[in-house]
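First the structure, in the form of structure tokens, and then the observations on it.
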Amino acid sequence: MLETHFHSPVTRRRLRNGVAADHIDAFADWLHLQGYKPTSIDNGLTSLAAWTDWIFTAGFTAQDLLPRFEACKAAIEKEQRVPYSRGPNQQSVTAASVFIRFLRLKGERPLPVVPPSATERWPILGEFRSWTRAHRGLTETTLDVYEGILAGLLDALGDDGSAYSAETLRAFVLARARPHGIERAKSISVEVRSFARFLGVTGRCPAGMEYAIPGFASWQLSSSPDSLPPRMLSADSCSGHAFELRDRAVLLLLARLALRASEVAQLKFTDIHWRNSEIGLCGKGRRHESLPLPQDVGDAILLYVKTAGHRCRYLRCSLRYWLRVTR
Numbered sequence: 514m515l516e517t518h519f520h521s522p523v524t525r526r527r528l529r530n531g532v533a534a535d536h537i538d539a540f541a542d543w544l545h546l547q548g549y550k551p552t553s554i555d556n557g558l559t560s561l562a563a564w565t566d567w568i569f570t571a572g573f574t575a576q577d578l579l580p581r582f583e584a585c586k587a588a589i590e591k592e593q594r595v596p597y598s599r600g601p602n603q604q605s606v607t608a609a610s611v612f613i614r615f616l617r618l619k620g621e622r623p624l625p626v627v628p629p630s631a632t633e634r635w636p637i638l639g640e641f642r643s644w645t646r647a648h649r650g651l652t653e654t655t656l657d658v659y660e661g662i663l664a665g666l667l668d669a670l671g672d673d674g675s676a677y678s679a680e681t682l683r684a685f686v687l688a689r690a691r692p693h694g695i696e697r698a699k700s701i702s703v704e705v706r707s708f709a710r711f712l713g714v715t716g717r718c719p720a721g722m723e724y725a726i727p728g729f730a731s732w733q734l735s736s737s738p739d740s741l742p743p744r745m746l747s748a749d750s751c752s753g754h755a756f757e758l759r760d761r762a763v764l765l766l767l768a769r770l771a772l773r774a775s776e777v778a779q780l781k782f783t784d785i786h787w788r789n790s791e792i793g794l795c796g797k798g799r800r801h802e803s804l805p806l807p808q809d810v811g812d813a814i815l816l817y818v819k820t821a822g823h824r825c826r827y828l829r830c831s832l833r834y835w836l837r838v839t840r
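Each residue of the sequence shown is one higher than the one before, counting from 514 in my numbering.
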């Protein structure tokens, strides 16, 4: 019962007169059974009352809960709420979502229809992902980014690669890149070019169609890459804190071998071949390369290993700390 878990008579009356009246007793008991603390139940029901008040004031009924939930959410995001005034807020939206989930679990509302994924709508995207993983070495995260643009390409041009032309591909890339900056435009060009290369290799479109995709130049306003100043590379820059041995080894790897921050962060002790004085790296495109291990870098790593006692497999670094200091 609502009275068992909630003691404000005014708010109880608001809830019993609102659109949630038929289920409010069962909802309060369900919150208790789910392990919510009394304070959380009190705050949640108070926030829910603000939401049901908004539904009732707008003239909607209990049958309009699902569409009006989105309407209330949009109104909250659009209008700035006056502090200390009665009305729905973000906590009300959270409480309403929990209430709607309760109704669905009880069978009072249908479960939401999950829209098909991009690969379900366009099976060719699944083939592209498999081909790209096998032949181009791209990660799942990168392929997820590609999928958003390529789904738009298939929606606009269809999945019949033989019907593609240089003009339609260029028009699509230019239209999608127009609202964005230069870096995002270059990314869109790379994504469509990779898909066109896949279509050509698998015989779905004429070979060489990827060369029709325009590039986006940005050298006019480009600047030199950021680098650590000399004072950060001195021996004194690593002293005075608990991780000075580790950070000295990291800085030497960055400065002497010009490694990327991600390559240093993923470097394992087993990647260092001491007998050959080499370091094995897995760079972009999952390409495996070997670089010479200078004496001073090897000495710094050995000193850190002896002190750390192999407490971790990775030679991780506080790169965020160094970037913050150099700004």
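Cβ coordinates follow ideal geometry from the N, Cα and C atoms, glycine included.
Since the model is a prediction, treat every value here as computed from it, not as a measurement.
Cα atoms of PRO719 and GLY694: separation of roughly 31 Å, rounded to the nearest angstrom. In the DSSP assignment, PRO522 falls within the unbroken alpha helix (DSSP H) covering 522-529.
Setting aside the 5 residues that flank it on each side, ALA709 is surrounded in the same chain by MET722 and GLU723, each with a C-beta closer than 6 Å to its C-beta; the list follows chain order. According to DSSP, residue pairing for CYS795 in a beta bridge involves HIS801. Residue range 636-648 is occupied by the alpha helix (DSSP H) that includes HIS648. Membership of PHE612 in the alpha helix (DSSP H) is indicated by the continuous run 603-618. In chain order, ALA631, THR632, GLU660, LEU663, ALA664 and LEU667 place their CB closer than 8 Å to the CB of LEU638, counting only its own chain and leaving out the 5 sequence neighbours on each side. ILE701 carries a helical assignment under DSSP once its states are collapsed to helix, strand and coil.
Within the same chain, Cβ atoms closer than 7 Å to the Cβ of TRP635 are found at ALA664, LEU667 and ASP672, the five residues on either side in sequence being excluded.
Under a 10 Å Cβ-count criterion, ARG759 is classified as buried, with 16 or more other Cβ atoms of the shown protein chains found around its own Cβ. Beta bridge pairing from DSSP links ILE785 with ILE792.
VAL532 is positioned such that its CB atom lies no closer than 9 Å to that of ILE554. Scanning its chain for C-beta atoms nearer than 7 Å, with the 5 sequence neighbours on each side dropped, one finds around ALA813 the residues ARG761, ALA762 and LEU765, in chain order.
HIS545: member of the alpha helix (DSSP H) spanning 537-546, first to last residue. Contact between the region 555-564 and the region 601-620 is present: 3 or more CB-CB pairs across the two stretches fall below 8 Å. Per the coordinates, the alpha-carbon of THR524 lies some 16 Å from the alpha-carbon of ALA539.
At the C-beta level, ILE792 and LEU770 come within 9 Å of one another.
In the three-state reduction of the DSSP assignment, GLY721 falls in the coil class, being assigned neither a helical nor a strand state. For ARG769, the uninterrupted alpha helix (DSSP H) segment begins and ends at 757-770.
DSSP places SER731 outside both helix and strand once states are collapsed to three, so it counts as coil. With contacts defined by Cβ atoms closer than 9 Å, VAL686 and VAL705 form a contacting pair.
Minimum Cα-Cα distance from SER700 among the listed residues TRP644, THR681 and GLY728 corresponds to GLY728.
Residue environment analysis places ALA698 among the buried positions, since at least 16 neighbouring C-beta atoms fall within 10 angstroms of its C-beta. Excluding the 5 residues flanking it on each side, LEU772 has same chain C-beta neighbours closer than 6 Å at LEU766, in chain order. Counted as a single uninterrupted DSSP element, the alpha helix (DSSP H) harbouring VAL686 occupies residues 679-690.
Following the DSSP letters along the chain, one finds ALA664 inside the alpha helix (DSSP H) bounded by residues 653-670.
In the three-state DSSP reduction, ASP809 falls in the helix class (H, G or I). By the criterion of a C-beta distance shorter than 8 Å, ARG683 is surrounded in its chain by ALA725, ILE726 and PRO727, once the five residues flanking it on both sides are discounted. Here VAL532 carries a coil assignment [DSSP, helix/strand/coil].
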